[in-house]
Structure formats: C-alpha cells, structure tokens
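Using my numbering, read the sequence shown as starting at 5 and increasing by one per residue. Working notes, structure below.
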Amino acid sequence: MKNLKYYLDKAYKEGWAIGQFNFSDWSQVRGIVQAAQNMKSPIILGTSEGEAKFVGLQEAVAMRDALRKKTGVPIFLNLDHGKSVDYLKEAVAAGYDMIHFDGSKLPLDENIKKSVEVVAFGKWKGIVVEGEVGRFGTDASKLYTEKFQIKEEDLTKVDEAKEYLKKAHIDVMAVSIGTFHGIDASGVSPHLKLDRLKDLKENVGIAMVLHGGSGTPEEDIKEGIKLGIVKININTETRLAYTKTLRNTLDANKDQITPYKYLQNSINEVQKVIEEKIKLFGSEGKA
Ligand code: 13P
Numbered sequence: 005m006k007n008l009k010y011y012l013d014k015a016y017k018e019g020w021a022i023g024q025f026n027f028s029d030w031s032q033v034r035g036i037v038q039a040a041q042n043m044k045s046p047i048i049l050g051t052s053e054g055e056a057k058f059v060g061l062q063e064a065v066a067m068r069d070a071l072r073k074k075t076g077v078p079i080f081l082n083l084d085h086g087k088s089v090d091y092l093k094e095a096v097a098a099g100y101d102m103i104h105f106d107g108s109k110l111p112l113d114e115n116i117k118k119s120v121e122v123v124a125f126g127k128w129k130g131i132v133v134e135g136e137v138g139r140f141g142t143d144a145s146k147l148y149t150e151k152f153q154i155k156e157e158d159l160t161k162v163d164e165a166k167e168y169l170k171k172a173h174i175d176v177m178a179v180s181i182g183t184f185h186g187i188d189a190s191g192v193s194p195h196l197k198l199d200r201l202k203d204l205k206e207n208v209g210i211a212m213v214l215h216g217g218s219g220t221p222e223e224d225i226k227e228g229i230k231l232g233i234v235k236i237n238i239n240t241e242t243r244l245a246y247t248k249t250l251r252n253t254l255d256a257n258k259d260q261i262t263p264y265k266y267l268q269n270s271i272n273e274v275q276k277v278i279e280e281k282i283k284l285f286g287s288e289g290k291a
C-alpha cells in the first residue's frame with residue numbers, strides 16, 4: 005500500500021483533498037471506513053489527544069491495521085492537535101502515519117523550536133508531519149448559539165508562515181483562514197478568507213490543511229482546494245450525526261438495551277456524512 009505522503013502529493017498535484025475524520029470509538033470508525041470503502045477513497049482517521057487517550061494509541065493502530073487488511077482501502081491515522089511533544093513521540097512509536105503538532109498558542113519562535121524537534125523525530129520514522137501557524141480557538145465539543153467570527157489577528161499571517169517554514173520543514177501546514185472548531189446553531193459557518201489563502205499559496209507555497217471543516221459552505225471548500233488545501237478535518241458534523249441519531253433511536257425504543265442493535269442507525273448516519281464529504285473533497289475513486 006502506498007504511504008500517506010504519496011496520497012497528499014497526488015492530491016496537491018491533481019487538485020483534490022483527503023478528509024480527516026475524527027473518532028472516539030469503534031462504531032464511528034465503522035461508519036467512516038464503510039464510506040471510504042464504498043467510495044474507493046483514501047482517508048485519514050484522526051484522534052485528538054483526548055480522543056486518543058480514550059481509545060488508546062495501540063488500539064487505534066490495531067483498528068487501522070485490521071481495517072486496511074480487511075478492506076484494502078488506504079486508511080491512515082493522524083494524532084490531531086498534539087500539544088505535548090512527548091505524547092506525539094508515543095503516537096509515532098505506536099505506529100501512527102502522521103502527527104500534527106499544534107504550537108499555535110505559543111509565541112512563534114517557540115512554536116518553531118518545538119516544531120523542529122517534532123519534524124526531526126517524525127521524519128526519522130518516515131511519517132507525515134503537520135505544523136500550524138495561526139489560531140482556531142473554540143472547542144468542537146459544543147454547538148455555538150451565535151454566529152462565530154474568527155478574529156483578524158488569529159488568521160495565519162504570510163510573513164509568519166514563511167518564517168516558520170524556513171526553519172521547520174513540515175510536510176503540510178494547518179492555516180487559519182476563517183474556520184473554527186465546532187459549528188454554530190445556524191449550521192453554516194462563516195465563509196473562508198480566500199484572499200488570505202491565495203496569498204499563502206503564492207507566497208508560502210506549501211500544501212495546506214483546513215481545520216474546522218464542519219459547516220463550511222461547499223463552494224468555499226471547492227475554492228479552497230483549488231488554492232492548495234490537501235487535507236480537510238471534520239469532527240463536529242460526524243459527532244452530531246452520531247449523537248443525535250443515538251438519542252432519537254433510544255428515545256423511540258425505550259426498552260432497547262442491545263448496543264449492536266441501537267448503534268446501527270448512528271453508524272449509517274455517520275457513513276452518509278462521510279460519503280458526502282468524500283464527494284465534495286474529490287477523493288472518490290482515488291484509492
Ligand atoms: P470541526 O469539528 O469543526 O469539523 O473541526 C475538526 C477539526 O478541525 C479537527 O482538527
């Protein structure tokens with residue numbers, strides 16, 4: 005099986021993007037992988053530090069391995085928003101394909117210093133490293149009751165991204181261009197700052213990652229991919245589909261106590277969300 009770097013390079017050259025779909029349990033993974041298998045799409049399974057601690061690093065790797073073997077689909081695993089360098093090292097040792105170092109809350113020079121360290125051990129193991137410049141803020145475990153607007157000062161600045169990349173030789177860069185983690189109550193997040201993205205593409209010239217993909221208008225996603233986005237992270241939309249369906253299923257079947265029966269609707273709804281995203285990102289048939 006080709007590695008993740010191969011697919012990210014291919015996506016960059018051909019103008020499509022790979023979805024990273026976060027999970028915190030096996031039934032979500034089933035919905036995600038069934039979609040990838042149906043659509044013959046490469047995918048990245050993502051775990052934040054919190055999700056990874058709940059699932060277990062070794063357990064996540066074992067799920068990836070078992071499902072790769074069973075389906076033949078290129079399924080990769082990323083440690084998303086790792087803030088602790090030691091924990092990222094543990095993920096690499098466990099067998100993750102990719103690590104994302106999130107030093108976005110640090111002053112730029114410290115972010116660079118730690119990123120250089122992460123790149124050194126990541127590259128040594130031959131895995132993909134994602135860095136981050138700019139800030140997303142917010143928290144994907146909530147719904148926002150008001151329209152959320154990201155602050156201008158939190159957007160990725162071209163000169164900072166350039167300076168970062170000169171020293172930290174990451175493979176892909178997470179950029180803040182108007183998205184945030186989570187989704188607001190209207191269900192539709194603000195538009196991407198496509199001018200900033202164009203500036204970054206022209207002046208920094210690295211493949212980029214869109215975080216906070218849930219709720220982003222579809223046209224913006226398509227334009228973003230044309231402007232160098234190769235990976236798009238989705239969590240809240242999957243969590244919502246899974247949790248809302250579970251609530252409805254249990255409310256409608258008060259005497260149901262059998263998880264493999266009451267979880268099936270949630271798995272199906274997750275699968276539907278992921279299939280839509282794969283179509284939108286253009287990764288269908290690329291496995
Ligand atoms: P959403 O929860 O907004 O989809 O963001 C997910 C994400 O960016 C994970 O890193």
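A virtual CB, placed ideally from N, CA and C, is assigned to each residue, including glycine. Predicted model only: the values in this text are computed from it and were never measured.
C-beta contact flag for Asn32 and Val179 at 8 Å: The sequence shown places Gln at residue 32, rather than the Asn named in the question. Cβ distance not < 8 Å, so Gln32 and Val179 don't count as in contact.
Segments of 4+ residues assigned as alpha helix (DSSP H) that fall wholly inside the segment 54–117: As far as the segment 54–117 is concerned, its whole alpha helix (DSSP H) runs of at least 4 residues are 61–75, 89–98.
Selected residue, minimal CA-CA separation from Ile236, among Ile131, Ser108, Thr183: Thr183
Terminal residues of the beta strand (DSSP E) in which Asp153 lies: It is worth fixing the name first, because residue 153 is Gln in this sequence and not Asp. Here Gln153 belongs to no beta strand (DSSP E), and DSSP marks it neither H nor E.
Limits of the unbroken alpha helix (DSSP H) element including Gly228: 222–230
Any 3 or more C-beta pairs closer than 8 Å across the segment 79–93 and the segment 39–59: yes
Straight-line Cα distance separating Gln62 from Gly107: 25 Å
Coarse secondary structure for Glu134, derived from DSSP in three states: Note: Glu134 maps to strand in three-state DSSP.
Among Glu279, His215, Gly232, Thr75, nearest to Leu159 - alpha-carbon criterion: His215
Same chain, Cβ closer than 8 Å to Glu114, five either side skipped, listed in chain order: Gly107
Given Leu244 as reference, the closest of Thr262, Ile278, Gly228, Pro263 once Cα atoms are compared: Per the Cα distances, Ile278.
Short Cβ contact (8 Å threshold) for Asp84 with Asn26: yes
Whole-angstrom C-beta distance between Val120 and Ala172, which should lie under 8 Å: 5 Å
Residues bridged to Gln24 (per DSSP): Ile48, Asn237
Heavy atom of the ligand 13P within 7 Å of Gly186 beta-carbon: For the ligand 13P, at least one heavy atom lies less than 7 Å from the Cβ of Gly186.
For Val123 and Ile116, the rounded distance between their alpha carbons: 10 Å
Backbone secondary structure at Ala189 - three-state DSSP: coil
Backbone secondary structure at Val208 - three-state DSSP: coil
Per DSSP, the bridge partner or partners of Met177: Gly135, Met212
Contact check, Glu167 vs Leu204, beta carbons under 8 Å: Cβ atoms of Glu167 and Leu204: not closer than 8 Å.
Heavy atom of the ligand 13P within 7 Å of Glu53 beta-carbon: no
Thr253 (DSSP reduced to helix, strand or coil): Three-state DSSP puts Thr253 in a helix.
Nearest-angstrom Cβ-Cβ length linking Glu134 and Asp175, presumed shorter than 8 Å: So it is a contact: roughly 7 Å between Cβ atoms.
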